[in-house]
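Heads up: the sequence shown begins at 391 in this note's numbering, then just goes up one per residue. Below: one structure, written as structure tokens.
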Amino acid sequence: MDAIEFFSFLRQFNADTVLIGAAVWGLTLLLKKTVLKKLPKKLLTFVPFALGIALSAAVAAIFGAEGWEQAVAQGVTCGSLATVIHVVCRQFSAGSRADAKAACVQAMLLPYRALSDEEAAELAQAMDGDEAEATERLAGYAGEAAAALYPLLKRTLGLL
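Here's what the structure looks like:
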């Protein structure tokens with residue numbers, strides 16, 4: 391994914407989603423290097439999503455938007471966008487969308503198991519196709535956490 395593709399990708403979102411997603415990415419990096427250094431890696435995976443929900447809810451409250459369901463949905467999207475931004479920044483030179491998806495899978499499953507490039511690529515491909523196969527592979531890598539990780543991983547990979 392080159393710079394033009396990345397900015398074209400960002401155009402599909404509303405400005406508030408992009409701004410909150412970028413803020414979540416920055417806050418997540420800051421918190422991981424300071425306050426959350428000793429937090430278990432399993433919990434660090436969920437930090438961007440929790441921050442996304444919190445910031446989206448705060449913005450909705452400030453501007454008087456109604457419906458907490460919408461704020462939660464936007465927060466999960468912002469957390470997914472922050473994860474994508476993190477992966478793209480780390481893998482900017484990788485060049486291909488499949489490599490970025492595999493890197494995203496590796497980043498999200500790192501707290502549970504370090505996946506090889508081949509395993510991550512196979513899981514990313516399964517996430518695009520057969521749900522049963524993807525769920526089975528994910529359960530093999532993440533155990534009981536697979537049920538919680540599947541929707542987050544699906545939404546995150548859908549953004550790429």
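The beta-carbon is built from N, C-alpha and C at its ideal position, and this holds for glycine as well.
* Do the stretch 487 to 498 and the stretch 466 to 477 touch if we need at least three Cβ pairs shorter than 8 Å? -> yes
* Asked: So what does DSSP say about VAL495, is it helix, strand or coil?
  -> On the sequence shown, residue 495 is found 105 positions in, with the first residue counted as 1. Three-state result, VAL495: helix.
* Using a threshold of 8 Å, state whether the C-beta atoms of ALA529 and TYR502 are closer than that. => One-based indexing of the sequence shown puts residue 529 at position 139. One-based indexing of the sequence shown puts residue 502 at position 112. Not a contact, by the Cβ cut-off of 8 Å.
* Where ALA405 and LEU549 are concerned, what is the direct C-alpha to C-alpha distance, given to the nearest angstrom? -> By one-based count along the sequence shown, residue 405 stands at place 15. By one-based count along the sequence shown, residue 549 stands at place 159. The alpha-carbon atoms of ALA405 and LEU549 are separated by roughly 16 Å.
* Comparing alpha-carbon positions, which option in ARG527, GLU459 and PRO438 lies nearest ILE410? -> As a first step, residue 410 must be located in the sequence shown, where it is residue number 20. Checked all of ARG527, GLU459 and PRO438; the closest Cα to ILE410 is PRO438.
* Asked: In three-state terms, what does DSSP make of VAL425?
  -> Taking the sequence shown and counting its residues from 1, the one referred to as residue 425 is at position 35. It is coil, neither helix nor strand.
* By a C-beta neighbour count over all protein chains shown, 10 Å radius and 16 as the cutoff for buried, is SER470 buried or exposed? -> For the purposes of this step, residue 470 is identified with residue 80 of the sequence shown, where counting begins at 1. With 16 or more other Cβ atoms within 10 Å, it is buried.
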